[in-house]
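Report on the structure given below.
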Amino acid sequence: MKDGGTGKTILRALAGEVLPTPPIWMMRQAGRYLPEYKATRAQAGDFLSLCYNPELAAEVTLQPIRRYGFDAAILFADILLVPQALGADLWFVTGEGPRLSTITDQAGVDALKPVDDIHETLHPIYETVRILRRELPEETTLIGFAGAPWTVATYMIAGRGTPDQGPAHAMREGAPDAFDALMARITAATIEYLAAQIEAGAEVVKIFDSWAGSLKGAAFQKYAVAPCAEITRALKARYPHIPVIGFPREAGDGYVGFHAATGVDCVALDNSVSPDWAAAHIQTAGCVQGNLASSHMVTGGQALVEETRAIVRAFSKGPHIFNLGHGITPDADPENVSLMIETVRSTKS
Ligand code: CP3
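What follows is the structure in structure tokens.
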């Protein structure tokens, strides 16, 4: 196994090192389950105002680090800022989620802004990264992120979250040239956005493909694997030392071979994947991250302890970063997060 050459546990695991205790962070660790998050968000006004306010976005990023001592902080922002920077209208409806202006044809793609213009909108995010690099404890790794092109496209086409990503599938089948042009624009913007986060101080980047599970076979290869490989290749050409985490959520058998096919250093697993199976079929190719069901953060108790231990043990023979299988939900109990962390740090493999 390679040596990460650094004291930061997240970077060591990403370099392939097998650690006695897996480092931990949690998707959506800055969020509405924390009273201090809700207070800062109220101060900012709405969610997007919080994302674009570097001082307050840095503050909410730091809150879970102060409370729990996670090994990584994830930049506070959203995957839908890239469509907004490309010219889409974006707003959030309380209790429902995001809304965007829709794109259904080539004219819609042509009306988007050029990739070089995205920084005019996104520069406050880079400032958040710079503040965080100054303020984070020395041992805490800063993770930047973006949405994967397919997932971002599903929101840009439908104008909202959809249960089956139907409008995006209809466009890729009915208007493949316009769809490919949209994917290419998002991919190019994502590369520049992540590069700017790295220039500002992000030490790792993660690509969230939340809706990868609705792509199968050749479509999975073309719209989940290939764009992730292209982004990873472009970033590694410029920043060979920056690790990339891929998250093709609910990819099922698509997880197998994902490290090699995309060049990512780590594959994040959702909780539909059994840890013993993943240790045998995915972790053999590199670091994995995951994969406790976020429902345990609501229910807690002995089931949380047992499932956490089973995951730590299953992945103890290879490089592993402990995380949830998806984001923590607003109804989670902050005490259960403490119990998860204590359990991970006290489990003997
Ligand atoms: O993980 C973190 O703590 C970092 C910040 C982060 C957010 N969104 C903040 C957020 C990250 C990494 C994301 C990624 C994101 N955003 C994804 C991919 C990961 C996933 O969950 O599948 C997606 C699909 C989005 C788009 C998005 N943003 C939706 C669908 C929603 C509404 C659902 C919800 O939880 O309210 C958001 C809003 C959002 N993004 C919130 C946060 C903290 C809640 C906003 C609030 O405070 O009201």
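Each residue of the sequence shown is one higher than the one before, starting from 1 at the first, in full-length UniProt numbering.
The beta carbon of each residue, even a glycine, is placed where N, CA and C say it ideally should be.
Which residue from Ser338, Leu324 and Ala218 puts its Cα closest to that of Gly301?
Ser338
What does the alpha-carbon distance come out to for the pair Thr102 and Phe47?
For Thr102 and Phe47, the distance between alpha carbons rounds to 21 Å.
Extract the residue ranges of the beta strand (DSSP E) inside the stretch 115 to 196, only unbroken runs of 3 or more that lie entirely within it.
141 to 147
For a minimum of 4 consecutive residues, which ranges assigned as the alpha helix (DSSP H) are wholly contained in the stretch 276 to 303?
296 to 299
Inter-stretch contact at 8 Å, needing at least 3 Cβ pairs: the stretch 72 to 80 / the stretch 142 to 150:
yes
Beta-carbon gap between Met183 and Pro248 smaller than 8 Å
no
Which word fits Pro176, buried or exposed, when buried means at least 16 other C-beta atoms lie within 10 angstroms of its C-beta?
Exposed is the call here.
For ligand 1, I want to know if Lys77 counts as a neighbour, meaning its beta carbon is within less than 7 Å of at least one of the ligand's heavy atoms.
Rather than Lys, the amino acid found at residue 77 in this sequence is Ala. Checking the Cβ of Ala77 against ligand 1 gives yes.
Just checking my contact of Ala181 with Gln106 at CB under 8 Å: how many whole Å lie between their CB atoms?
In this structure, Ala181 and Gln106 form a Cβ contact; the two beta carbons are roughly 7 Å apart against a cut-off of 8 Å.
Is Pro243 near Asp265, with beta carbons less than 8 Å apart?
With a cutoff of 8 Å on beta-carbon distance, Pro243 and Asp265 are scored as near each other.
Can you list the beta strand (DSSP E) stretches of 3 or more residues lying completely in the stretch 184 to 271, in chain order?
204 to 209, 244 to 248 and 266 to 268
Just checking, does the stretch 31 to 42 make contact with the stretch 90 to 100 on the three C-beta pairs under 8 Å criterion?
no
Bridge partners for Gly325 per DSSP, in chain order?
Residue pairing from DSSP leaves Gly325 without any beta-bridge partner.
Can you find a CB in chain B that lies within less than 8 Å of the CB of Pro124?
Reference to chain B is not applicable here, since this structure consists of a single protein chain.
How long is the line joining the alpha carbons of Ala178 and Thr262, rounded to whole angstroms?
24 Å
For Ile103, which of helix, strand or coil comes out of DSSP?
coil
When you compare only the Cα positions, how much space is there between Leu235 and Val204?
11 Å
Does the distance from the C-beta atom of Met340 to that of Leu269 stay below 8 Å?
Contact flag unset, no.
DSSP puts Ile74 in a beta bridge; with which residues?
Ile143
May I ask you to verify whether the stretch 269 to 281 touches the stretch 316 to 335, counting CB pairs closer than 8 Å and requiring at least 3?
Three or more beta-carbon pairs separated by less than 8 Å link the stretch 269 to 281 to the stretch 316 to 335, which places the two stretches in contact.
Mind checking whether the beta-carbon of Phe220 lies closer than 7 Å to any heavy atom of ligand 2?
This structure does not include ligand 2; its bound ligands are ligand 1.
Taking only three categories from DSSP, how would you classify Lys2?
A caution first: Lys2 carries a pLDDT of 45, below 50, which makes its placement in the model too unreliable to give a value.
Any heavy atom of ligand 1 closer than 7 Å to the CB of Leu80?
yes
Ala44: beta carbon under 7 Å from a heavy atom of ligand 1?
no
Taking only heavy atoms of ligand 1 into account, decide whether any of them is closer than 7 Å to the Cβ of Ala30.
yes
Touching or not, the stretch 58 to 71 and the stretch 129 to 140, by the rule of three or more beta carbon pairs under 8 Å?
yes
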